[in-house]
Structures are given as C-alpha cells and as structure tokens.
Amino acid sequence: MRHLSWLPVCIGVAFIGAAVFAQSPDWDALGKRWWSHVQFLADDKLEGRDVGSPGFEKAAAYMADQFRDAGLQPAGVDGYRQPMDFDVVRIDESRCSLDLLHDGRAEPVKLGDDATLGVNPHAAENVEAAAVFAGYGLTVPELNYDDLAGLDVKGRIVVYVSGGPAEMSGPIKAHYQSGEERRRALLKAGAIGTVAIPNPKSAEVPWSRVAASRFQPRMELRDPGHGVPPPLQATVLFNPARAEMLFPGSGHTFAEILAALNSDKPLPHFPLAVKIHARVGITRSEAKSENVVGILPGSDPTLKNEYIVVSAHLDHLGIGEPVNGDRIYNGAMDDASGDASLIEIARAMKDSGAKPKRSILFVSVTGEEKGELGSQYFAAHPTVSGPIIADINMDMYLPLFPLKYLEVQGLGESSLGDDVRVVAEQAGVKVQADKEPEHNRFIRSDQYSFIKKGIPSLAFKFGYIPGTPQEKIFKAWYTERYHGPADDVNQPVDAAAAAQFNAILEKLVLRVADADQRPEWKPDSFFRRFVP
Ligand SMILES: [Zn+2]
1 MRHLSWLPVC IGVAFIGAAV FAQSPDWDAL GKRWWSHVQF LADDKLEGRD VGSPGFEKAA
61 AYMADQFRDA GLQPAGVDGY RQPMDFDVVR IDESRCSLDL LHDGRAEPVK LGDDATLGVN
121 PHAAENVEAA AVFAGYGLTV PELNYDDLAG LDVKGRIVVY VSGGPAEMSG PIKAHYQSGE
181 ERRRALLKAG AIGTVAIPNP KSAEVPWSRV AASRFQPRME LRDPGHGVPP PLQATVLFNP
241 ARAEMLFPGS GHTFAEILAA LNSDKPLPHF PLAVKIHARV GITRSEAKSE NVVGILPGSD
301 PTLKNEYIVV SAHLDHLGIG EPVNGDRIYN GAMDDASGDA SLIEIARAMK DSGAKPKRSI
361 LFVSVTGEEK GELGSQYFAA HPTVSGPIIA DINMDMYLPL FPLKYLEVQG LGESSLGDDV
421 RVVAEQAGVK VQADKEPEHN RFIRSDQYSF IKKGIPSLAF KFGYIPGTPQ EKIFKAWYTE
481 RYHGPADDVN QPVDAAAAAQ FNAILEKLVL RVADADQRPE WKPDSFFRRF VP
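In structure tokens form, the structure reads like this:
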C-alpha cells in the first residue's frame, strides 16, 4: 500500500493531514472497483466477447448499465446502442491449398506451419500468378519512395517483408503499412495479391499464435463509408522461418534479405522463380453488433456542440484454438481494461460534479480486432451532429507495474501531447514517446479511425526505462499473453496503478474539454494532411 500509510504517525498536523487526505484518492479502492469491471467483462461466461456473439451482447448490456449508473446520457441511435451489420467469412481449410510452382512442379506449402491464407468476402477461389519480391512493398509518395517502382507487378503477387527502412519516420512508415494504404498502392500498380513475411526484427508473438489466429472469422462492415479500396484477390502470410522456400532459382536467398534487414541496408527487388497457386475455401455468414455510446453533455452554450471522444474496444477474439487446454480468449487487458477505465473515468466525473464546457462522448466500440471496424463505423456515421475534436483512446495500456512513466502514442503529433504532459507531470508521472515505433501502435487501434478523419488523437501504454525489470515484464506479456487465452483475470495486474492512470486521463479529458482552443495537429505532423 503506497498511499498515506505515514498519516497515523504524523502527530500534530491533523488538519493538514486531513487536507492531504481529501486530495489523495484511495488508489487501492479505486483500483479494486476498476478491476471488478475487468473481472465481469473478461469472465469465461462472456466467452471472449466476439463480435456478434451472446458474450459480446452481455458485455454491451453491462457497459450500457454502467454508463447509466455513471450519469451518462444515452448517445447511440437506439438508447446507448449504435447497431451495425457485418459480412462474415471463415476459412474452410479442407477446401484450401497453397503451392509453389517450380517450372510446373508443385511444392505444397503446409498451411499453419509454413504459411496461412487470408480470407475476405471478395477473395478469389483460385489464383495462380507469378511472384515478385518487392522489399518492404511500400509506396510513400511524399518521400518519393516506391518499392514497386521499376518492377513488373501487373497481374502478379507481391512478396514483401513487413516494416520499412530505418531512416523513415515512424508515423509515415506506420501509415503506409496500413492495409488500406498498401492496397491502394498495390491495386494501382496492378498487383493481384500479396505474400507478407512478418519482419522477425519486430515480431510480437511466436508464429504458432499467428497461425492459430487464421481460424478467426473475418468481418467487414456492410457500410464502411466511402473511399475504402477493395480487397486483393489473394493474401498470404508466410512464416519467416520457412520463407526460404520462396527464393530458390531467384539468385537471392531469404538469409541475404535478413542480413540486409539486420544491418539496416536497403532490400533488393527482383522477380521470384516460383509461381504461387492458392485455392481458398470460405463459408459466409452475417453478423450484427453495436457500439455503446454515452454522453456527458457540455455546460457551455456554444462549446457543448463540440465533442471529445474517449474510446476503448469492447470486442475480443472469442473462442479459438486451445492453448494449454484453454479455448477462451478473454481479453482482460485487450481491452476489458480500457472499458473498465471508460466506466471509472465517467464515474469520477460524476462523483466530482464535473461540468466540462465541451461534451464528452464515452464510446465502447465493437469490431476492433476485426480491423477497427466499430470505430470506423462511428467515425463515418457519428451519432452527434457537432464536430468531434479529439479522440483519447485506451487499448491494452498494460498496467502491469507502478505508473512512473506513461508512454504516449502521438505525443509529438498534436497539442494533445502537450496537454497530457502537463496532467501527467502534475501526477508525478513522466511521459515517454513511443519506444517501439516499428510496432505501428499509433495506427493499430481505434484512434486511427479518428486520425484518418483529421481528428487529433492519443493512445497510451504504461512506460518503462529500457533495461529494467519493467521492460522484461512488458515484453514477456506480449510473448505469453497477447492475443492468447492467458490474457485473462488470472494474471498479475497493478490495479492501483490503473486507477492512477484513470485519474490522469480524466484530468486530460477535462483539460481538453475546457480549453479555449480546440486541439490541433503540430504544423509538421504527418497526420495534419487528413484535416478536411
Ligand atoms: Zn487485440
């Protein structure tokens, strides 16, 4: 217990002690309350909260009830709910095959061990095409960087290693690696498919877990909004440990490419000698799900028509391949923790009688694990008419140890970074920029749906100093629990530190809600381009 345990022996300053006490929340008690929401949402009974499942519906009902208790008004289209429709496809591996053709001789690729096939509602059932190795497969117009330049990719499959050149800035690299931007460039160049080889330098989870996830249903919004490029005909993910299979006869080896990666040298570009033949069997269905939206209306007659979104995702991966006999992917940190924080931040505002000038929208979104679909839907079809001026997103912020450092994704991109610096420092917490930009976390959660609409946004992780035990804990969490059944309620979590995080985010949101000016992208921010 860290808080105020010295008070009883602090004789003679009872009055001051009382004042200090009034200002110092009981982090353990607040942490317990936060944890109780995580326990509900990540219970086995909710079966991993998959989109369209009864478990998700229970979670959505819980969020609506908690939002009501926390004093939020309904701000969906049906009470607190904002429903939406999905097309769903599942892979049927009994009807799938993947072969490498060497001069007509077929070499089978073992699905699961060597590679996995991607599926989407528009995937071709049978694709056979020549293949080209295109380095990182990136096209970045503003840097005149184009891995596809000078290569004949028309009608072909582009093989690439994920990541990008070391000298390219994190946000640009992250943006152009997003599925949408990759598709835009690849389709324009005439490519029909991709084989992505995860960069071993930035692998977060072992291949076995990547492979296990291929049976997850793939979903798409029926109404995604406009400007979204269509899917490619074939997408393959190749195990880097088996990628050498792709290179015989090309005059190059994967070992050579790995060596270039590891020494930050440019990657070669060349046609492969193998052709790729993919047969994809899928089963189709439909699903309905919803975002849960509550509002704390603003108090200023004009500014109340501007909205700050505080978001977290409610869905997780559902039931999947067993790991150590456990099939339920509970998603306690990913992202029941964020939903629990939404509730607790709203409740803290109610308890303190906060009267923010601008309105605050608490949005618990569906479909994040399917590609940030619920937030994309919300950003395309907002349930309020006034402008959304910021998104403060919480996804798996990992309160695994005391909160001394707060890592902020998007820290240098907008004035929100300055705001979080102020409120964190008032709480005695130092902010850090993203230490692992190669993981693309700034574009890998729901904030990106808002960023693409030009809305300044932030996301968070508990920070640490490299080389300390906290780094070990943080990294081990990814290896042992991330997107696995072990991300459940039987893991060690620092609930009091989560409560401190909630308090910092509450102050951040109120500061933005009461500021004279709306948040703005920094003049040199890459993301400024999305402002309409
Ligand atoms: Zn996730």
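Position 445 (the sequence shown) corresponds to 445 in this note's numbering; numbering is contiguous.
Cβ atoms here follow ideal geometry from the backbone N, Cα and C, with glycine treated the same way.
The model shown is predicted, which means the values in this text are computed figures rather than measured ones.
Going by beta carbon distance, what residues of the same chain come within less than 8 Å of residue 526, once the five residues before and after it are set aside?
-> 169, 171, 172, 175 and 413
Distance, residue 33 Cα to residue 114 Cα = 45 Å
Run the CB neighbour count on residue 447, radius 10 Å, all protein chains shown included, and call it buried at 16 or more, exposed below.
-> buried
Got a sec, what are the start and stop residues for the beta strand (DSSP E) residue 193 sits in?
-> 193 to 197
Can residue 213 and residue 88 be called in contact, C-beta distance under 8 Å?
-> no
Can residue 59 and residue 275 be called in contact, C-beta distance under 8 Å?
-> no
Where does residue 21 sit, in a helix, a strand or coil, going by DSSP?
-> Legend: pLDDT at residue 21 = 47, less than 50; position of this residue unreliable, value from coordinates given subsequently. Note: residue 21 maps to helix in three-state DSSP.
My understanding is that residue 552 touches residue 71, with C-beta atoms under 8 Å, so please give their C-beta distance in whole angstroms.
-> Outside the shown range of the chain (1 to 532) lies residue 552, about which nothing can therefore be said.
With a Cβ-Cβ cutoff of 8 Å, do residue 287 and residue 86 count as a contact?
-> yes
Unbroken alpha helix (DSSP H) run spanning residue 507, endpoints = 495 to 514
Apart from the five residues just before and just after residue 21, which ones in its own chain have a Cβ nearer than 6 Å to its Cβ?
-> Only weak support exists for where residue 21 lies, its pLDDT of 47 falling under 50; the coordinates are left without a value.
Limits of the beta strand (DSSP E) - the one that residue 134 falls within | 126 to 134
Taking all protein chains shown into account, do 16 or more other C-beta atoms lie within 10 angstroms of the C-beta of residue 391, making it buried, or fewer, making it exposed?
-> buried
Check residue 394 in the structure and name its three-state DSSP category.
-> coil
Using 8 Å as the Cβ pair cut-off and three pairs as the minimum, do the segment 226 to 244 and the segment 391 to 401 touch?
-> no
Per DSSP, which residues does residue 405 bridge with? Please list them.
-> 430 and 463
Can residue 483 be considered in contact with ligand 1, in the sense that its beta carbon sits closer than 7 Å to one or more heavy atoms?
-> yes
Sufficient close CB pairs (3 or more, under 8 Å) joining the segment 381 to 391 to the segment 440 to 456 = yes
On the three-pair Cβ rule with 8 Å, is the segment 265 to 279 touching the segment 340 to 356?
-> no
Could you tell me whether any non-hydrogen atom of ligand 1 is closer than 7 Å to the CB of residue 334?
-> yes
Should the segment 505 to 514 be called in touch with the segment 334 to 348, which here means at least 3 C-beta pairs below 8 Å?
-> yes
Which residue comes first and which comes last in the beta strand (DSSP E) that contains residue 82?
-> 81 to 91
Name, in chain order, the residues that DSSP records as bridge partners for residue 288.
-> 85
Residue environment, residue 11, which counts as buried when at least 16 other CB atoms sit within 10 Å | Reliability fails at residue 11, whose pLDDT of 34 lies under 50, so the model's placement of it is uncertain and no value is given.
Reduced DSSP category for residue 219 - H, G, I as helix; E, B as strand; rest coil | strand
Span of the beta strand (DSSP E) holding residue 276?
-> 269 to 279
Is it buried or exposed for residue 537, if we count other Cβ within 10 angstroms and need 16 for buried?
-> As shown, the chain starts at 1 and ends at 532. That puts residue 537 outside it, with no answer to give.
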